[in-house]
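**Q** Mind looking over this structure? Questions follow.
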Amino acid sequence: FPISLKKRGGCFIWDAKFSESGSLRLGSFDKNKKYVDDASKNETIKKNGGLKSFIIVGNQTPPKTFKRNFKKIAKSRKGLKANFINEDQLLKIFNFYRENKKEILSHDSIREIFNDLFRKLFFKRGKTVVEIIRDSDVASIINKSKEKIRNTNTTQFN
Numbered sequence: 575f576p577i578s579l580k581k582r583g584g585c586f587i588w589d590a591k592f593s594e595s596g597s598l599r600l601g602s603f604d605k606n607k608k609y610v611d612d613a614s615k616n617e618t619i620k621k622n623g624g625l626k627s628f629i630i631v632g633n634q635t636p637p638k639t640f641k642r643n644f645k646k647i648a649k650s651r652k653g654l655k656a657n658f659i660n661e662d663q664l665l666k667i668f669n670f671y672r673e674n675k676k677e678i679l680s681h682d683s684i685r686e687i688f689n690d691l692f693r694k695l696f697f698k699r700g701k702t703v704v705e706i707i708r709d710s711d712v713a714s715i716i717n718k719s720k721e722k723i724r725n726t727n728t729t730q731f732n
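In structure tokens form, the structure reads like this:
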């Protein structure tokens, strides 16, 4: 998915991993690497700025091997960041969007602030190329986005 259709800001791919047993299986290293390799070669992804993030969405804590295995995958592609986000965190982002959809879709400046939320959370590489997203990361970025949007003075925002 491209972050923005107006800019070549990059794309992300994601894979949902759910388990009722409490033990989350992320698939083999080779399968996940192929997924990234294939996406990186995709012409549409290339035209939209390239693959910037591989996001795993899960309903359990990621296995201890997540960082080690996905670090190898992320380092195999320049500029790629691998992320793990849990379903509750993703729902918080979705609810923020849903509650403010009209404003996000009506104002380019607000849409860009919302898009920037994704870039900061999933694309920005700090000291590591692999990140397990924390609840505090999601809350902080949503709160900063709300503050920026309030400062645009377009309307009252949730």
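The opening residue of the sequence shown carries number 575 in our numbering; numbering runs sequentially from there.
Glycine included, C-beta positions come from ideal geometry on N, C-alpha and C.
#1: Tell me which residues share the same chain as Glu658 and place their Cβ nearer than 7 Å to its Cβ, disregarding the 5 neighbours each side in the sequence.
#2: Can you check the stretch 635–704 for any beta strand (DSSP E) of at least 3 residues that lies completely inside it and give the ranges in chain order?
#3: In angstroms, rounded to a whole number, what distance separates the CA positions of Lys645 and Glu617?
#4: According to DSSP, simplified to helix, strand and coil, what is Ser597?
#5: Can you give me the Cβ contacts of Leu600 inside the same chain, cut-off strictly under 6 Å, excluding the 5 residues immediately before and after it?
#6: Rounded to a whole number of angstroms, what is the C-alpha to C-alpha distance between Ser614 and Lys720?
#7: Can you name the start and end residues of the beta strand (DSSP E) that Phe586 belongs to?
#8: Between Ile587 and the rest of its own chain, which residues show a CB-CB distance below 6 Å, the 5 nearest in sequence each way excluded?
#9: Please work out which residues of its chain come closer than 7 Å, Cβ to Cβ, to Phe670, disregarding the five sequence neighbours upstream and downstream, and give them in chain order.
#10: Helix, strand or coil: which one does DSSP assign to Ser627?
#11: Would you tell me roughly how many angstroms separate the C-alpha atoms of Gly559 and Ser650, rounded to the nearest one?
#12: Less than 7 Å between the CB of Ser614 and some heavy atom of the ligand SAM, yes or no?
#13: Glu673: buried (16+ other C-beta within 10 angstroms of its C-beta) or exposed?
#14: Can you check which of these residues, Tyr609, Asp611, Gln634 and Asn606, is closest to Gln598 by C-alpha distance?
#15: Can you tell me whether Ile707 is helix, strand or coil according to DSSP?
**A** With the structure as the only source:
#1: It should be pointed out that residue 658 corresponds to Phe in this sequence rather than to Glu. Ile630, Gly632, Pro636, Phe640, Ile706 and Ile707.
#2: 655–660
#3: Going from the Cα of Lys645 to the Cα of Glu617 covers about 25 Å.
#4: coil
#5: Lys591
#6: As the crow flies, the alpha-carbon of Ser614 is around 33 Å from that of Lys720.
#7: Phe586 -> beta strand (DSSP E) spans Cys585 to Lys591.
#8: Ala613 and Phe628
#9: Ile716
#10: In the displayed model, Ser627 falls within a strand according to three-state DSSP.
#11: Given a span of 575 to 732 for the chain in the structure shown, any question on residue 559 remains unanswerable.
#12: With respect to the ligand SAM, the structure offers nothing, as it holds no ligand at all.
#13: exposed
#14: Note that residue 598 is Leu in the sequence shown, not Gln. Considering only alpha carbons, the answer is Gln634.
#15: coil
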